[in-house]
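Here's the structure, in structure tokens; my notes come after.
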Amino acid sequence: MQRLIEGVHKFRNDEFGNYRKLFRKLSQEGQNPHTLFITCSDSRVLAELITQSKPGDLFVVKNIGNIVPPASAVGDTNSTAAAIEFAVDILRVADIVICGHSQCGAISALLGQTPVSDTAPHLRDWLKLASPVRETLKREYKHIHDDNARCTAAAEENVLYSLDNLHSYPCVQERLADGSLQLHGWFFKIATAELFAYDPETRQFAPLMPEK
Numbered sequence: 001m002q003r004l005i006e007g008v009h010k011f012r013n014d015e016f017g018n019y020r021k022l023f024r025k026l027s028q029e030g031q032n033p034h035t036l037f038i039t040c041s042d043s044r045v046l047a048e049l050i051t052q053s054k055p056g057d058l059f060v061v062k063n064i065g066n067i068v069p070p071a072s073a074v075g076d077t078n079s080t081a082a083a084i085e086f087a088v089d090i091l092r093v094a095d096i097v098i099c100g101h102s103q104c105g106a107i108s109a110l111l112g113q114t115p116v117s118d119t120a121p122h123l124r125d126w127l128k129l130a131s132p133v134r135e136t137l138k139r140e141y142k143h144i145h146d147d148n149a150r151c152t153a154a155a156e157e158n159v160l161y162s163l164d165n166l167h168s169y170p171c172v173q174e175r176l177a178d179g180s181l182q183l184h185g186w187f188f189k190i191a192t193a194e195l196f197a198y199d200p201e202t203r204q205f206a207p208l209m210p211e212k
């Protein structure tokens with residue numbers, strides 16, 4: 001906690017001056033983010049850092065495993081839906097990014113590589129929402145036996161599963177139909193900070209920024 005408090009003081013004393021006009025503008029005019037960025041709660045994945053975005057640019061949703069439940073999921077398993085509807089219907093974002101990542105603990109738990117105890121019922125029920133990803137892995141990735149490789153494949157498939165689920169939301173359907181919204185699947189490799197984007201034509205994740 002002391003680190004957080006020191007960070008607050010440092011921001012107010014050393015950094016806030018650089019953002020004073022921006023925060024005043026955001027306070028007066030409200031937020032107008034261009035992108036809904038759905039990513040994992042993993043502490044190593046920071047949307048604003050890896051995209052070099054400023055306050056007000058991104059509407060960020062972080063949850064365990066960057067899972068987008070289908071619109072039919074209700075109750076405490078679909079608080080993410082409220083954020084999707086708010087961003088799409090109210091804020092009118094132009095893009096939605098689903099960003100998975102390497103070494104994802106949620107995916108490891110989904111695959112049974114990391115056990116989930118009986119004292120974590122909410123986590124267990126949340127991961128059940130992505131059970132189709134596990135079935136896809138069993139069906140399509142029988143040739144992969146290495147745990148790390150299977151986890152990476154599942155994390156990428158989870159991005160695609162979440163993109164598919166976005167289509168179940170009426171507000172998303174409406175915006176896609178009139179061409180005012182675009183969906184994107186990204187994958188962040190922690191070790192190298194590389195970002196990969198899913199290409200529907202090749203059905204592969206390719207580097208977002210080709211190497212120079």
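For the sequence shown, this note's numbering assigns the number 1 to the initial residue and increments by one for each residue that follows.
All C-beta atoms, glycine included, are put in the ideal place defined by N, C-alpha and C.
Meets three-Cβ-pair contact criterion under 8 Å: the region 147-158 and the region 96-110:
yes
Measuring straight from C-alpha to C-alpha, what distance separates Val61 and Pro69?
13 Å
Quick one: any contact between the region 88-95 and the region 134-146, if contact means 3 or more CB pairs under 8 Å?
no
Just list the alpha helix (DSSP H) runs in the region 162-200, keeping only unbroken ones of 4 residues or longer that don't cross its boundaries, in chain order.
170-177
Identify every residue that forms a DSSP beta bridge with Lys62.
Thr39
Anticipated Cβ contact below 8 Å, Tyr198 with Phe205, distance rounded:
5 Å
Quick check on this structure: which residue in Ala177, Gln113, Gln173 has the alpha carbon closest to the alpha carbon of Arg150?
Gln113
Determine the burial state of Ile190: buried for a count of at least 16 other Cβ atoms within 10 Å of its Cβ, exposed for fewer.
exposed
In chain order, which continuous runs of the alpha helix (DSSP H) of length 4 or greater are located wholly inside the region 43-128?
47-51, 79-85, 105-110, 121-128
Roughly how many whole angstroms lie between the Cα atoms of Glu194 and Met209?
8 Å
Out of curiosity, what's the CA-to-CA distance linking Asn66 and Leu181?
20 Å
How is the alpha helix (DSSP H) around Phe23 delimited, first residue to last?
16-29
How many Å lie between Thr192 and Arg175 at the Cα?
35 Å
Using only the alpha-carbon positions, how far apart do Trp186 and Glu29 sit?
30 Å
Of the choices Leu183, Pro33, Arg24, whose alpha-carbon is the least far from that of Ser53?
Pro33
Alpha-carbon spacing of Thr202 relative to His167, whole angstroms
21 Å
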